[in-house]
Amino acid sequence: MRYLLILFMVIIGYSAPAQTSFNQAYDFGALAVGFGSLELSGDTLVVYGTALEEGQPTFGMLFARFDTSGNLLDYRIHYDSLGDHFTTVFPNSFIKLSDGSGYVGVGQFFNSQNGYFARFDHHGELINFVAYSDNYYTNNISREVIETNDGYLICGTNYSPSTSIEVFIQKTGLAGNKIWKKEYGANDKRDLFGSIFKLDNDELVIGASSTSINGVPLPQTRNTSKIFAIDSLGNIKWQWESQPSLEELGVGSLFKTQEDHWAYTSARGWYNATYNEISRQPKFIIRDEDFNIIRDDTFGVADFPVNGFQKGISLNDGGWLAIGVKPVHYPIPPVPMWYNSFSGWMVRLDNQGDQVWNRVDTAFWSYETGSTNYYYDAVELLSGSLVVCGYSRTYEPVVKDWGWLIKVSKDGCLDTIFCAPLSSSPWSIPEKSVHIYPNPTSSTVCIESEGIGLWDRIEVYNASGQWVQTNQGGVGNNLDLSKLSDGVYLLRLVSQGAWIVKRIVKHSGR
Numbered sequence: 025m026r027y028l029l030i031l032f033m034v035i036i037g038y039s040a041p042a043q044t045s046f047n048q049a050y051d052f053g054a055l056a057v058g059f060g061s062l063e064l065s066g067d068t069l070v071v072y073g074t075a076l077e078e079g080q081p082t083f084g085m086l087f088a089r090f091d092t093s094g095n096l097l098d099y100r101i102h103y104d105s106l107g108d109h110f111t112t113v114f115p116n117s118f119i120k121l122s123d124g125s126g127y128v129g130v131g132q133f134f135n136s137q138n139g140y141f142a143r144f145d146h147h148g149e150l151i152n153f154v155a156y157s158d159n160y161y162t163n164n165i166s167r168e169v170i171e172t173n174d175g176y177l178i179c180g181t182n183y184s185p186s187t188s189i190e191v192f193i194q195k196t197g198l199a200g201n202k203i204w205k206k207e208y209g210a211n212d213k214r215d216l217f218g219s220i221f222k223l224d225n226d227e228l229v230i231g232a233s234s235t236s237i238n239g240v241p242l243p244q245t246r247n248t249s250k251i252f253a254i255d256s257l258g259n260i261k262w263q264w265e266s267q268p269s270l271e272e273l274g275v276g277s278l279f280k281t282q283e284d285h286w287a288y289t290s291a292r293g294w295y296n297a298t299y300n301e302i303s304r305q306p307k308f309i310i311r312d313e314d315f316n317i318i319r320d321d322t323f324g325v326a327d328f329p330v331n332g333f334q335k336g337i338s339l340n341d342g343g344w345l346a347i348g349v350k351p352v353h354y355p356i357p358p359v360p361m362w363y364n365s366f367s368g369w370m371v372r373l374d375n376q377g378d379q380v381w382n383r384v385d386t387a388f389w390s391y392e393t394g395s396t397n398y399y400y401d402a403v404e405l406l407s408g409s410l411v412v413c414g415y416s417r418t419y420e421p422v423v424k425d426w427g428w429l430i431k432v433s434k435d436g437c438l439d440t441i442f443c444a445p446l447s448s449s450p451w452s453i454p455e456k457s458v459h460i461y462p463n464p465t466s467s468t469v470c471i472e473s474e475g476i477g478l479w480d481r482i483e484v485y486n487a488s489g490q491w492v493q494t495n496q497g498g499v500g501n502n503l504d505l506s507k508l509s510d511g512v513y514l515l516r517l518v519s520q521g522a523w524i525v526k527r528i529v530k531h532s533g534r
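In our numbering, the protein residues as written are 25 to 534.
Take a look at the structure:
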């Protein structure tokens, strides 16, 4: 349960220097905390997640409120009266109600594997709670809830004893009482829920994926992306499915554009025979109203199975923000693995799907044990700033999980005074044409490049995106970093309007 079996909250927190933006972890004095879903109510951030407090035998359901500077206002942790764990919540499993009366959250119990419904007032007190049971399905994962004019739709994935997996949609009343439940899928496939959005009161569109049934050898696995619409009673109105392949592993967050095109997050896969696994490379796809491809863009490198977008949100300018996790290799001995960090990953796209900027972040870092950081949900403020929630795991002196909030400007910067967002562009210098060594370094690095004798400017940024040093005016092949503290830095090397970003580790060895 890699979703949010993660856990974390008085604030013992790590924080970047407090400015307009922030990067902060929270534990509330608990053993473990995780932030899974996020809503914005006026100038208040409301987080939904899980927490394990000292002296408690089970994980509780967390409701916490912060101001937009990351300061904790208050929080509540609710426990199951039957002693089960609230451990699995997802990015879309929490919503602010349209009448302003409070919030609704859904999730899954750990022991029973069944779903639940919780309605909260503005301060996180429970108004009503419903635990669902199912005599047939062994695992009911409630991933998303949306509001209708007379209740709610809870969406997710069912797992049956016969190993079949199906998408489910469950209609409830205003108090969470179950009215009907329908499953969607085929017996010869495994169907997984991605997302849902409401076109109108009688047409709801679901994004999903299907993959080969159990028993198919991994090298022969093929996936499809599925988009289908249902009416208010759950009946299918229309449906579309891509051709089986590894080019699309399914539909994640689904959007309808201003041009009536379909846009969604996805991933491509390839079979890695060395490790017998499907490695992933995240995608953003746009199709026309007849589902013909308009554009299909990949991000990062397909060299690890834990690599992708957890969620996408639409932005006020018509673009999108995709968030998730990206494996990062910091070349610091003696960590005996290629990737020693799972880092939170943001990618901002404009309204045509072109990348504007991207950034990776960690809440904590350790030379000895690396770092694990996941982004799960995001909101856009009226200023255009972006707040993302997730969790971060530390390993010293014992394993501990923290709730994580990070706020960046609309340009992707933590420090808006000295910040240049790092992005792909037509003027980027090819990655393989520039080599920097030694890396790690204790003081000075040598820069070898093909066809570039002198650099117009070399900018140095710390791991939080803050500017720390600039060398300009015919910079040669040696760069002195001796005055910098130990840590991870980004070098932005600029020549004749083109640039490249390189990562360097400063480690004095003391």
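Where a beta carbon is used, it is the ideal one built from N, C-alpha and C, also for glycine. Here the structure is a predicted model, which means the values were calculated and not measured.
| Item | Value |
| --- | --- |
| Start and end of the beta strand (DSSP E) containing Pro-306? | 301-311 |
| Please report the residue range of the beta strand (DSSP E) in which Cys-179 lies. | 175-183 |
| May I have the straight-line CA-CA distance separating Phe-388 from Gly-408, to the nearest angstrom? | 26 Å |
| Among the candidates Phe-252, Glu-472, Asp-425, whose CA atom is the shortest distance from the CA of Thr-111? | Asp-425 |
| In three-state DSSP terms, what is Pro-464? | coil |
| If we count Cβ pairs, one from each stretch, closer than 8 Å, do we get three or more for the region 63-76 versus the region 395-412? | yes |
| Going by CA-CA distance only, name the one from Gly-239, Leu-478, Glu-207 that's closest to Gly-258. | Glu-207 |
| Could you check the C-alpha separation between Ile-453 and Ile-524 for me, to the nearest Å? | 5 Å |
| Please list the segments of the alpha helix (DSSP H) lying wholly inside the region 231-258, counting only runs of 4 or more residues, in order along the chain. | none |
| For the beta strand (DSSP E) holding Asn-164, just list the boundary residues, first then last. | 163-172 |
| Near Asn-495, which residues of its chain fall below 6 Å by C-beta distance, leaving aside the five closest residues on each side in sequence? | Ile-482 |
| Mind checking which residues open and close the beta strand (DSSP E) that includes Phe-315? | Counting along the chain, Phe-315 falls outside any beta strand (DSSP E), and DSSP gives it neither H nor E. |
| Under 7 Å, do His-102 and Met-85 count as touching if we go by C-beta distance? | yes |
| Quick one: what does DSSP say Ser-457 is sitting in, helix, strand or coil? | helix |
| What is the DSSP secondary structure of Ser-509, counted as helix, strand or coil? | coil |
| Let me check understanding here. Comparing Cα to Cα, which of Glu-283, Tyr-72, Tyr-399 lies closest to Phe-333? | Tyr-399 |
| Could you check whether Val-169 and Trp-113 sit closer than 7 Å to each other, using their CB atoms as the reference points? | At residue 113 the sequence reads Val, which differs from the Trp that was named. Not in contact: Val-113 and Val-169 (Cβ atoms no closer than 7 Å). |
| Along the chain, where does the beta strand (DSSP E) containing Gln-194 start, and where does it finish? | 189-196 |
| Ala-88 and Val-71 - do their beta-carbons sit closer together than 7 Å? | yes |
| Should Tyr-299 be labelled buried (16 or more other beta-carbon atoms within 10 Å of its own) or exposed? | exposed |
| Going by DSSP, name the residue or residues bridged to Ile-203. | In DSSP, Ile-203 forms no bridge with anything. |
| When you compare each of Pro-462, Arg-214, Leu-345, Asn-340 to Asp-378 by their alpha carbons, which one comes out closest? | Leu-345 |
| How would you call Pro-115, buried or exposed, if buried means at least 16 neighbouring beta carbons within 10 angstroms? | buried |
| Where Val-380 and Ser-157 are concerned, what is the direct C-alpha to C-alpha distance, given to the nearest angstrom? | 45 Å |
| Please determine, among Thr-393, Gly-414, Tyr-50, the residue with the shortest C-alpha to C-alpha distance to Val-422. | Thr-393 |
| Is the beta carbon of Arg-372 sitting closer than 7 Å to the one on Thr-396? | no |
| Does DSSP put Asn-495 in a helix, a strand or coil? | strand |
| Please report the Cβ distance between Phe-217 and Ala-199, rounded to the nearest whole angstrom; I am assuming they are in contact, meaning their Cβ atoms lie under 8 Å. | Incorrect: roughly 24 Å between the Cβ atoms, too far for contact. |
| Taking the alpha-carbon positions, what's the Phe-315 to Ser-338 distance? | 20 Å |
| Hey, is Thr-74 close to the ligand MG, as in C-beta under 6 Å from one of its heavy atoms? | The ligand MG is absent from the structure shown, which contains no ligand whatsoever. |
| Expressed to the nearest angstrom, what Euclidean distance is found between the alpha-carbon atoms of Ser-365 and Leu-242? | 26 Å |
| Going by Cα to Cα distance, which pick from Val-325, Val-458, Val-191 is closest to Ala-210? | Val-191 |
| Report the residue from Gly-342, Glu-301, Thr-322, Ile-347 whose alpha carbon sits nearest the alpha carbon of Pro-329. | Glu-301 |
| Can you check which of these residues, Ser-219, Ile-203, Leu-273, is closest to Ser-234 by C-alpha distance? | Leu-273 |
| For Cys-470, does the three-state DSSP call read helix, strand or coil? | strand |
| Looking at the unbroken beta strand (DSSP E) that takes in Cys-437, where does it start and where does it end? | Where Cys-437 is concerned, there is no enclosing beta strand (DSSP E), given that its DSSP letter is neither H nor E. |
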